[in-house]
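**Q** So the first sequence is residues 1065 to 1397, counted in the working numbering. Beta carbons are placed, not taken as given, at the ideal position from N, Cα and C, and that holds for glycine. This is the structure I want to talk about, given as structure tokens.
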Amino acid sequence: MITDARALRPEYLPRELHHREGPIQHLTAVLKPLSQGYSAENILLTGPSGAGKTTLARYVVERLEAQTLAVRSGYVNAMSESTAVSLLYRLLRETGLGADLRPEGIPQGEYLSRVRASDDELVWIIDEVDVVTEPALLEALYEQPNLTLLMVTVDHNDLLSSVDQRVASRLRSAEHVRLEKYTHDELVDILSHRADAGLKPGSVPEDLLSQIAETAAGDARLGIALLRQAARHADREGGKRLSTGLLREIESEARDDVENLQVAHLSTHQRHLFDLIREHRNLSAGDLHELYEGRVRAPKSKRTRRRYLDSLERYDLIEKRGAKRSTRYVYER
DNA sequence: CTTCCACCGGAACCGTGGGAAA
DNA sequence: TTTCCCACGGTTCCGGTGGAAG
1065 MITDARALRP EYLPRELHHR EGPIQHLTAV LKPLSQGYSA ENILLTGPSG AGKTTLARYV
1125 VERLEAQTLA VRSGYVNAMS ESTAVSLLYR LLRETGLGAD LRPEGIPQGE YLSRVRASDD
1185 ELVWIIDEVD VVTEPALLEA LYEQPNLTLL MVTVDHNDLL SSVDQRVASR LRSAEHVRLE
1245 KYTHDELVDI LSHRADAGLK PGSVPEDLLS QIAETAAGDA RLGIALLRQA ARHADREGGK
1305 RLSTGLLREI ESEARDDVEN LQVAHLSTHQ RHLFDLIREH RNLSAGDLHE LYEGRVRAPK
1365 SKRTRRRYLD SLERYDLIEK RGAKRSTRYV YER
């Protein structure tokens, strides 16, 4: 049944993007000066999860790079790089400017001079830019004359107030491209393109796609995870066609898939905190700290735990409710 | 209504370790 | 080699604040 598993994986970059014609045009227009050797505005790309932000950014930049000799690009997810230096290192490697660099022990300035030394215009995609903790880093990047930033983040309305002042002002000054959730019909269409690319023709009934789209509620990442799990399940059972009744069975597996992508980035102590909250579903701050201290051999300080909990919240793995003495940490699902 | 204090989060500080300069 | 520098991952300190208890 599965003819090309890659097409169902989360990182797959399709050859054509559907239902994003407007944003594609917008982004392309903002980046256009680069193809004529001029510099372009920095860009902030926002939208809810599963709206295709990352895919869109990579798609547009890849096309630009293919059409223009003097443009090079790099992509990084700020979530998975804990420090400024590791983020710069990764980006330089991606851009093809750091093959000879080692990952540690080099001052920031050295990396930045690499950027300036390049004859090409550079476009860097920084995914989840709101977790960049060092404001000085973005400022420094802004000052590089031949560097255009394409910053990607979820569209929390509280975003600009929650991040550092200096970061916020950088984000505000960038050209803003906003993505909406996919509609039901758009998502059905996207899923059927993926099914065509990855599954035997005719193996997915139309009404199953519609159900998946319904469950995913505009979130393409979840929709594709559902499709992938449905196909795997059917494959295991030796079925030739995905059945409509399948969805309830595989929904939680698909949601686990999406969650596991995030959990994979956690350190062991972050993981302990997350596991406790997931086990208990809902814990007061006091209880959580007590449980954590009982479970872990060398507990981190309270302040450090709060930082970990912050990052869990940014990953959308947990939710913090209430304030002050009635703070609770909640896991839903 | 007032008081208390658990919790949050900013800021300053610290020990370690690798690299570069002397 | 020794010394200096700097990033990193933490901790310590502390002021603000709003729920909860009195």
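1) Just to check my reading of the structure: ILE1190 and ALA1142 have Cβ atoms closer than 8 Å, yes? What is that Cβ distance to the nearest angstrom?
2) Taking only runs of the alpha helix (DSSP H) that begin and end inside the stretch 1258 to 1319, which ones reach a length of at least 4 residues, in chain order?
3) So the candidates are SER1137, GLU1192 and THR1247; which of them puts its Cα closest to the Cα of GLU1145?
4) Whose CA, out of GLU1357, GLY1350 and ARG1292, lies closest to the CA of ASP1068?
5) Cβ of ALA1232 within 9 Å of Cβ of LEU1213?
6) Buried or exposed for PRO1087, please, with buried defined as at least 16 other CB atoms from any protein chain shown within 10 angstroms of its CB.
7) Report the start-end ranges of each alpha helix (DSSP H) in the stretch 1167 to 1247 that is 4 residues or longer and not cut off at the edges.
8) Can you look up LYS1364 in the DSSP assignment and give me helix, strand or coil?
9) May I ask which residues mark the beginning and end of the beta strand (DSSP E) holding LYS1384?
10) Does the beta-carbon of LYS1388 have 16 or more other beta-carbons within 10 angstroms, so that it is buried, or is it exposed?
11) Going by beta-carbon coordinates alone, are LEU1330 and TYR1379 separated by less than 9 Å?
12) Mapping the DSSP letters down to three states, classify THR1110 as helix, strand or coil.
13) Would you call the stretch 1103 to 1111 in contact with the stretch 1147 to 1157, where contact means no fewer than 3 C-beta pairs closer than 8 Å?
14) Please report the straight-line C-alpha distance between ASP1374 and ALA1328, rounded to a whole angstrom.
15) So what does DSSP say about TYR1139, is it helix, strand or coil?
16) Figure out for me which residue from ILE1314, LEU1211, PRO1097 and TYR1246 has the closest Cα to the Cα of LEU1272.
17) For the pair the stretch 1116 to 1124 and the stretch 1203 to 1217, tell me if three or more CB-CB distances fall below 8 Å.
18) Take every Cβ of the stretch 1235 to 1253, pair it with every Cβ of the stretch 1175 to 1186, and state whether three or more of those distances are shorter than 8 Å.
19) To the nearest angstrom, how far is the alpha carbon of GLY1358 from that of LEU1340?
20) Is LYS1366 near GLU1377, with beta carbons less than 9 Å apart?
21) On the DSSP letters alone, give me the boundaries of the beta strand (DSSP E) that ARG1392 sits inside.
22) Just to confirm my understanding: we take LYS1245, look at its own chain, exclude 5 residues before and 5 after, and list those with CB closer than 7 Å. What are they?
23) Under the three-state reduction of DSSP, which class applies to SER1348: helix, strand or coil?
24) With DSSP as the reference, please indicate the residues paired to ILE1066 in a beta bridge.
**A** Taking the geometry as given:
1) Sure, about 6 Å apart at Cβ, within 8 Å.
2) Complete alpha helix (DSSP H) runs here, min 4: 1270 to 1280 and 1284 to 1300.
3) Nearest of SER1137, GLU1192 and THR1247 to GLU1145, Cα basis: GLU1192.
4) Per the Cα distances, ARG1292.
5) Taking 9 Å as the Cβ cut-off, ALA1232 and LEU1213 do not qualify as a contacting pair.
6) The residue in question, PRO1087, is buried, as its Cβ has 16 or more Cβ neighbours within 10 Å.
7) Those alpha helix (DSSP H) runs which fall completely within the stretch 1167 to 1247 and span 4+ residues are 1172 to 1181, 1199 to 1206, 1223 to 1226 and 1229 to 1237.
8) Correct three-state label for LYS1364: coil.
9) 1383 to 1385 is the span of the beta strand (DSSP E), which, as asked, contains LYS1384.
10) Flag for LYS1388 reads exposed.
11) In contact: LEU1330 and TYR1379 (Cβ atoms closer than 9 Å).
12) Three-state result, THR1110: strand.
13) Cβ pair count under 8 Å is below three, so no.
14) Going by the C-alpha atoms only, they are around 17 Å apart.
15) TYR1139: strand per DSSP, three-state reduction.
16) Closest in C-alpha terms to LEU1272, from the list ILE1314, LEU1211, PRO1097 and TYR1246, comes ILE1314.
17) Because the criterion of three Cβ pairs below 8 Å is met, the stretch 1116 to 1124 and the stretch 1203 to 1217 touch.
18) Short answer: they don't touch.
19) About 11 Å.
20) No, Cβ-Cβ distance for LYS1366 and GLU1377 is not below 9 Å.
21) Secondary structure note for ARG1392: its beta strand (DSSP E) is the uninterrupted segment 1392 to 1394.
22) Cβ contact annotation for LYS1245 (same chain, cutoff 7 Å, sequence separation greater than five): PRO1112, ALA1115 and GLY1282, in chain order.
23) In the structure shown, SER1348 sits in a strand (DSSP, three-state: E or B).
24) DSSP output for ILE1066 lists LEU1263 as bridge partner(s).
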